[in-house]
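In the numbering used here, the protein residues as written are 969 to 1285.
Virtual Cβ for every residue (Gly too), placed ideally from N, Cα, C.
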């Protein structure tokens, strides 16, 4: 394939650049057209071109190229290619014309394919040609005409591994030794601690390991994500740790007469928890209801019984 492309480029460009190559983008487009030609793609009817590789006026546009091709192995189909020049990239878009079909794309860094602008010296013109041919065949030609290109063994293995890993990740078993309790322990809608004993100390579960930096103690049982927070890596990988004034690591300064969890679930009794699905994931949710711990008069002080930090006893703000 590499020798075929180089020989064809020599005849197309020649000593006088008869085909009118202007820059690296043009060279990249010619390489793409020659790969397609080697796989029996031909210009569609009505398209007149130079040596049946590219149509007349193929590089007349300042920002794009267009090819309409047919292949005898896919009768009745016309393959439409639209390539856009952007930065140092040639954005390749391909689809079956007049079909509601998927668009297959490939971004080509022209500087990694075309070495210089001495177009007549074809032997020293291209870089990484073999790798580019494989990538183009795998990303563009094979999806358009399945079976036309023999996918390299390493790519087939990688594709099979990805397909096998996806369902495994969806059905990944819980990492908690108490498997039957793992789902409830990770309930993102629960307010406060679970009704029974939680996980064993140091359990990380499926949460971001950044929530538990090495060498730091694990305070309580953090939920998988917090109200107002979403899953996924986003812009900054890792969700990080979120702590507030009632975090046990701060010594419970707002409740000096109580333990680390004075409010229980924040609802009037453990038995009145919100049903699953009552609050959409990621929505802001403020706990409501009086604190638990028995009658109001015998319970621990409410946080509203204390002055705001830094203010005197006259309650004037």
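- Around residue 1117, the same chain offers 1105, 1109 and 1110 as residues with beta carbons nearer than 6 Å, after the five sequence neighbours per side are excluded.
- Contact annotation, residue 1047 with residue 1112: C-beta distance approximately 6 Å; criterion of less than 8 Å satisfied.
- Exclusion of the five residues before and after residue 1052 leaves 1032 and 1059 as the residues of its chain whose Cβ lies within less than 6 Å of its Cβ.
- With contacts defined by Cβ atoms closer than 8 Å, residue 1090 and residue 1000 do not form a contacting pair.
- For residue 1034, the pairing in a beta bridge is given by DSSP as 1050.
- The DSSP-derived three-state label of residue 1062 is strand.
- Listed as beta-bridge partners of residue 1039 by DSSP are 1009.
- The closest CA to that of residue 976, considering only 1020, 1275 and 1011, is found on 1020.
- Under the DSSP definition of a beta bridge, residue 1082 partners with 1094.
- Put simply, of 994, 992, 1044 and 1063 the residue whose alpha carbon is nearest the alpha carbon of residue 1013 is 1044.
- Inclusion of residue 1036 and residue 1070 in the CB contact set at 8 Å is not warranted, their separation being larger than that value.
- In the structure shown, residue 1023 falls within a strand segment according to DSSP collapsed to helix, strand and coil.
- Nearest to residue 984 by alpha-carbon distance, out of 991, 1097 and 1088, is 1088.
- Here DSSP, grouped into helix, strand and coil, assigns residue 994 to helix.
- Using a 10 angstroms sphere on the CB of residue 1024, the tally of other CB atoms stays under 16, which defines it as exposed.
- CA-to-CA, the gap between residue 988 and residue 1007 works out to about 24 Å.
- With a cutoff of 8 Å on beta-carbon distance, residue 1095 and residue 1081 are scored as near each other.
- Per the C-alpha coordinates, the member of 1078, 1039 and 1011 positioned closest to residue 1026 is 1011.
- Of the candidates 1004, 1078 and 1247, the residue whose Cα lies closest to the Cα of residue 992 is 1078.
- The alpha carbon of residue 973 has as its nearest neighbour, out of 1248, 1247, 1093 and 1028, the alpha carbon of 1093.
- Setting aside the 5 residues that flank it on each side, residue 994 is surrounded in the same chain by 1027, each with a C-beta closer than 7 Å to its C-beta; the list follows chain order.
- Just so you know, the alpha carbons of residue 1055 and residue 1049 end up roughly 19 Å apart.
- Your pair residue 969 and residue 1101 checks out as a contact, with CB atoms roughly 5 Å apart and the cut at 8 Å.
- Shown here, residue 1116 sits in coil according to DSSP, grouped into three states, outside any helix or strand.
- A straight line joining the alpha-carbon of residue 990 with that of residue 996 spans about 11 Å.
- In summary, residue 1004 is buried, with 16 or more beta-carbon neighbours lying within 10 Å of its beta-carbon over all protein chains present.
- For residue 989, the three-state secondary structure derived from DSSP is coil.
- Cα atoms of residue 1251 and residue 1063: separation of roughly 40 Å, rounded to the nearest angstrom.
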